[in-house]
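Throughout, the working numbering is defined as the position within the sequence shown, counted from one, plus 868. A short worksheet on the structure shown next.
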Amino acid sequence: MLDALLAAPVLVKVVGSLALILVVNRLAGNLVVSVAAGTLALGLWTGQPVSVVLGTAWSRLRSADQLCLMGTIFLVIWLSCQMAAAGVMEDLVGSVRSRLSRRGSMAVLPAVIGFLPMPGGAIFSAPMLDQVDADGSVDALLKTKTNYWFRHIWEYWWPLYPGVLLAVGITRLEMWQFMLLQMPLTLFAVAAGYVLLLRRIHPTGDAPAPGGGAGPRPHFLALILPILVVIGTYAAVRLGLWRLREAWPGIPAPNMYLPMMVGLVLAMITLGRQRPLGWGKWKPILFSPRTVSMVVIVGIIRIYGGLIEAPLGGGPSLVDAMQAEIDRWAVGLFGRESELVDLVVIMLLPFIAGITTGVCFGFVGASFPVVVGLLGPDPSPARLMAAATLAFGFGYMGMMLSPVHVCLIVTNQHFRTQLLHSLRDLLLPAAAVLALVVAYHFAIRWVGG
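Have a look at this one:
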């Protein structure tokens, strides 16, 4: 029995470790424990000695990327709490509710936050949904799924996201081409989210909230000024660093989270000048145990990612091993010369990479070089675009269904819901998007000849 487990395919081991996260979370109700259990199981089941697992964990935790990621998560939560304590969240929710129904507000607010390319951004919009649902009549699990789904409707093409930039670089498409190509995927996600999630919100209280109150509400743009500061600063710093490296190529690449951290700090300063808070309100913001718990979870998730990327006994990484297994199985099923082999790899490899990494740039970096390589040295524009959107759509849905996706975990943590239940109920909207992506893929190929 033990020999059979150790001899299992790498894909089975990785999926098994993800399943263990769900099972332990179901039994223990603790995300820190469940993610840690899955991470340890992955390391040991793939034959890594405990010393190697601990070494990978320490190497990942002390890396500049990891420290900056955890710093970014702290800043995201602090800015969110600062906006709540200063009354901005309440005013923003009121402003949106005065124009939209409760159902519409629960989609628009996470979508607005979705323009921020920050890790764990769903925790920013989750408190807003609580305020929209002031009477608590919407099920917590439905709020979890709605917040998570609509927070991620722009990352298919929004050029501030690292995954989009990486995909453009690997495919060598122009940015405007990639954006236009991917925009329909946002429409697919919105349609699936509306039909399968939003329509389940009870119509009671669905009428627009009155715009009244003690006085006129602040202008919507003034309320989202901190968000605009983050977006503007992020774009400006990225552009400035890019031009700096163009002028002086020898300058080392800056940390990928640096522009976001600068933007978040400036947003907090801007909001502090608009609506100052006393130390009595700042203290619980800065020293919340729940914030520390979320950052610890993110740290463990990144250790899991480190194990996925690490070489196996000096050989290929787990991602490379899974790629080889998928290719071998596809050839065994359809034959080497069948076009179905390429289609299976283009769909399945990004999907598995998305599930196992839980981040967009993770599945793009792991799968897109293989996808582009399958197309040959000089593919037609239509074939390249069709393959790119198919791979991105499947990879993205894999990411959305990943138990190690930071946004999913922090959203479940906020609403105190179960990972397994959240993922189960996201299967149908994800399947709907994938069906539309496949149809879109063949439509592009048909139009392109």
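Idealized CB from N, CA, C, for every residue including glycine.
Asked                                                                                                                                                        : Found
How big is the Cα-Cα spacing for Ile1214 and Leu1258?                                                                                                        : 7 Å
Measure the alpha-carbon distance for Ser993 versus Arg1068 and round it to whole angstroms.                                                                 : 20 Å
By alpha-carbon positions, which one of Val880, Leu879, Glu1207 and Val903 ends up nearest to Val1274?                                                       : Val903
Are Leu1109 and Pro1122 touching if we call contact CB-CB under 7 Å?                                                                                         : yes
Below 8 Å on the Cβ atoms is my guess for Thr1159 versus Ile945; work out the distance and round it to an integer in Å.                                      : 5 Å
Quick check on the burial criterion: 16 or more other C-beta atoms within 10 angstroms. Buried or exposed for Lys1151?                                       : exposed
Compare the beta carbon distance of Ala1060 and Ala1300 with 7 Å and say whether it is the shorter of the two.                                               : yes
From the DSSP output, which residues share a beta bridge with Ser1185?                                                                                       : Pro1179
Would Met1190 and Ile1220 qualify as a contact pair, given that the criterion is a beta-carbon distance under 7 Å?                                           : yes
Could you check the C-alpha separation between Ser1185 and Trp1044 for me, to the nearest Å?                                                                 : 34 Å
Alpha carbon to alpha carbon, what distance is there between Ile1312 and Ala1305?                                                                            : The sequence given here has Val at residue 1305, not Ala. Cα to Cα, the separation comes out at about 10 Å.
For Gly1081, name the three-state secondary structure that DSSP assigns.                                                                                     : With a pLDDT of 49 at Gly1081, under the threshold of 50, the predicted position of this residue should be treated as unreliable, and no value is reported.
Tell whether a beta-carbon distance below 7 Å holds between Met1268 and Ala1298.                                                                             : yes
Quick one, which of Met1253, Ser1270, Met996 and Phe1310 has its alpha-carbon nearest Val883's?                                                              : Ser1270
Cβ atoms of Thr1138 and Val1097: under 7 Å apart, would you say?                                                                                             : yes
To test your reading of the DSSP string, which unbroken alpha helix (DSSP H) runs of 4 or more residues are found completely within the region 1091-1178?    : 1093-1115, 1126-1142, 1147-1154 and 1157-1177
Buried or exposed: which applies to Arg1196, given that a residue is buried once 16 or more other Cβ atoms fall within 10 Å of its Cβ?                       : exposed
Quick check on this structure: which residue in Met1129, Thr1014, Trp1022 and Leu1217 has the alpha carbon closest to the alpha carbon of Gly972?            : Thr1014
Using C-beta distances below 7 Å, list every residue in its chain close to Met1129, excluding the 5 sequence neighbours before and after it, in chain order. : Cys936, Gly939, Thr940 and Leu943
Check whether the Cβ atoms of Ala875 and Leu888 lie closer than 7 Å to each other.                                                                           : no
For the putative contact between Gln1286 and Arg928, defined by C-beta atoms under 8 Å, what is the C-beta separation to the nearest angstrom?               : Not really, about 27 Å apart at Cβ, beyond 8 Å.
Start and end of the alpha helix (DSSP H) containing Ile945?                                                                                                 : Ala932 to Ala953
Taking only the alpha-carbon atoms, compute the straight-line gap between Pro985 and Ile1092 and give it to the nearest angstrom.                            : 15 Å
Which residues bound the alpha helix (DSSP H) around Gln1281?                                                                                                : Val1274 to Phe1283
On the DSSP letters alone, give me the boundaries of the alpha helix (DSSP H) that Glu958 sits inside.                                                       : Val956 to Arg965
Under 7 Å, Cβ to Cβ, is there at least one residue of chain D near Leu1048?                                                                                  : Annotation note: the requested chain D is absent from the structure, which comprises a single protein chain.
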